[in-house]
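All remarks here apply to the structure that follows.
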Amino acid sequence: MNHLAGKWAGKWALITGASAGIGTAIARELAAGGTNLVLTARRRDRLAGLAAELSAKHDIRTLICVADLAQPDGPQQIFSFTEERKVTIDLLVNNAGFGSYGAFHKVPVERLIEMTHVNVTAVVHMTHLYLPGMIERGGGDILIVASTGAFQPVPYISTYAATKTFDLHFAEGLAEEVREYGVRVCALCPGSTATEFFQVAGQRNHTRRAPETAEKVAHVGLAALAAGRSSVISGFVNWLGAEAVRLVPRRIVARVTGEMFRPRKA
Ligand SMILES: NC(=O)c1ccc[n+]([C@@H]2O[C@H](COP(=O)([O-])OP(=O)(O)OC[C@H]3O[C@@H](n4cnc5c(N)ncnc54)[C@H](OP(=O)(O)O)[C@@H]3O)[C@@H](O)[C@H]2O)c1
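Each residue of the sequence shown is one higher than the one before, starting from 6 at the first, in my numbering.
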């Protein structure tokens with residue numbers, strides 16, 4: 006995988022959800038390009054292992070910060086961590102997120118609220134904490150991991166898909182707002198990707214195609230951000246699917262996704 010050599014070399018990036026999947030892949034690609042990393046998630050052992058691996062392999066500095074983004078003070082804890090160490094974040098990657106598969110009324114409401122905290126509230130909060138510094142410095146980059154689920158309603162993961170619609174629209178709106186300050190914002194919309202996501206969500210892969218690799222998705226997102234795009238869909242077929250949805254009446258779209266995602270009878 007060719008990395009975006011030098012784009013963020015010598016600068017600091019902060020990656021949420023760095024302990025697995027797409028977050029780990031983004032960390033690996035940035036490290037290969039010489040970017041110093043603040044890695045955050047809940048699983049300390051995973052973060053420590055990744056930090057040790059990347060700082061041994063590349064000439065970079067790494068810091069780990071254990072925090073739970075479902076907690077209201079999670080983002081502030083992370084911000085205080087970087088402030089106390091006088092680390093200037095030039096690239097913020099809002100990647101942490103999860104889904105929960107099943108009929109809405111059967112999923113515990115605590116899980117759904119936790120999901121909206123991690124996928125939505127924490128994204129807004131983290132961005133609000135780090136953006137003012139970027140504006141003041143006249144530059145900075147923010148990558149927000151949304152999903153192809155953002156482009157249409159998806160029964161049985163209705164809440165998850167709606168959180169990702171939020172992420173997409175939030176990133177695209179903000180990108181326009183802060184362009185004049187030299188800050189770039191980009192929503193990365195992966196389709197099905199081989200990570201721990203499906204295991205965490207209790208969901209099978211509903212597409213017939215093989216999932217993309219986390220490494221490919223990470224590269225697509227970083228390349229789009231570096232190119233100044235406000236959103237990107239990873240994979241041509243995923244892009245085609247998201248675009249095709251615009252031509253179909255909304256209620257039909259929800260019927261089709263409902264059939265695709267309906268739980269199979271045992
Ligand atoms: N995989 C896919 O098919 C797919 C498709 C479209 C979009 N996405 C999006 O891609 C992003 C990354 O997911 P992934 O596929 O890489 O899944 P993953 O392998 O399950 O990784 C999810 C990451 O989020 C972190 N996380 C979850 N809950 C958290 C919490 N309460 N506080 C802090 N961190 C938390 C996890 O870390 P800890 O458990 O250590 O806290 C982990 O590092 C998510 O936003 C997801 O919605 C994934």
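We put the beta carbon where it would ideally sit given N, CA and C, even for glycine.
Fair warning: this is a prediction, and the values are worked out from it, not measured in the lab.
A206 and F103 - do their beta-carbons sit closer together than 8 Å?
Taking 8 Å as the Cβ cut-off, F103 and A206 qualify as a contacting pair.
Rounded to whole angstroms, how far is the Cβ of V222 from the Cβ of A25, which I believe are closer than 8 Å?
About 13 Å separates the beta carbon of V222 from that of A25, a gap too long to meet the 8 Å contact definition.
Please identify the residue among A46, L117, E119 whose C-alpha is closest to the C-alpha of I83.
It is A46.
Ligand 1 and S24: does any heavy atom of the ligand fall closer than 7 Å to the residue's C-beta?
Look at S24: its beta carbon is less than 7 Å from one of the heavy atoms in ligand 1.
Output needed for P158: all residues of its chain with C-beta closer than 8 Å, excluding positions within five of it in sequence on either side, in chain order.
Taken in chain order, the residues that qualify are A166, A167, R255, V258, A259, T262.
Separation of Q208 from C70, as counted between CA atoms
Inter-residue distance for C70 and Q208 is about 29 Å (C-alpha atoms, whole angstroms).
Per DSSP, what kind of secondary structure is M6 in: helix, strand or coil?
Only weak support is given to the placement of M6: the predicted model assigns it a pLDDT of 47, under 50, and the value that follows is read from those uncertain coordinates. In the structure shown, M6 sits in coil (DSSP, three-state: anything other than H, G, I, E or B).
Taking the alpha-carbon of W244 as reference, which of L179, M139, F156 has the nearest alpha-carbon?
Nearest to W244 by alpha-carbon distance, out of L179, M139, F156, is F156.
How many whole angstroms separate the CB atoms of A101 and G28, which I take to be in contact at a CB cut-off of 8 Å?
Contact between A101 and G28 holds, with the beta-carbon distance rounding to 7 Å and staying under 8 Å.
Would you call M265 buried or exposed, if buried means 16 or more other Cβ atoms sit within 10 Å of its Cβ?
M265 counts as exposed, since fewer than 16 other beta carbons sit within 10 angstroms of its beta carbon.
Top-ranked residue by Cα proximity to H224, from T198, E248, G246:
Measuring from the Cα of H224, the nearest candidate turns out to be T198.
With T121 and T164 assumed to form a contact (beta carbons below 8 Å), what rounded beta-carbon distance in angstroms separates them?
Confirmed, Cβ separation roughly 7 Å.
In or out: G4 buried (at least 16 other Cβ within 10 Å) or exposed?
Outside the modelled stretch of the chain, which goes from 6 to 271, sits residue 4, for which no answer is possible.
To test your reading of the DSSP string, which unbroken alpha helix (DSSP H) runs of 4 or more residues are found completely within the stretch 117 to 195?
As far as the stretch 117 to 195 is concerned, its whole alpha helix (DSSP H) runs of at least 4 residues are 127 to 142, 163 to 183.
For a quick check, are the C-beta atoms of M139 and N99 less than 8 Å apart?
No. Outside cutoff.
Under the three-state DSSP convention, the category S239 falls into
Note: S239 maps to coil in three-state DSSP.
Measuring from the CB of E182, is there a heavy atom of ligand 1 at a distance below 7 Å?
Relative to the non-hydrogen atoms of ligand 1, the Cβ of E182 never comes closer than 7 Å to any of them.
Beta-bridge partners of E217, as assigned by DSSP
For E217, which the question treats as bridged, DSSP gives the partners T198.
Distance check for I149 and G143, CA to CA, integer angstroms please.
Taking the straight line from one Cα to the other gives about 20 Å.
Using a Cβ-Cβ cutoff of less than 7 Å, which residues in the same chain neighbour A75 once the five nearest sequence positions on both sides are dropped?
Closer than 7 Å at the Cβ level, and outside the excluded window around A75, lie E119, H122, V123.
Reduced DSSP secondary structure (H/G/I, E/B, other) of A25:
Note: A25 maps to coil in three-state DSSP.
Ligand 1 and F103: does any heavy atom of the ligand fall closer than 7 Å to the residue's C-beta?
For ligand 1, at least one heavy atom lies less than 7 Å from the Cβ of F103.
Please state whether DSSP places V98 in a helix, a strand or coil.
Taken through DSSP and simplified to helix, strand or coil, V98 comes out as strand.
Reduced DSSP category for A75 - H, G, I as helix; E, B as strand; rest coil:
Here DSSP, grouped into helix, strand and coil, assigns A75 to coil.
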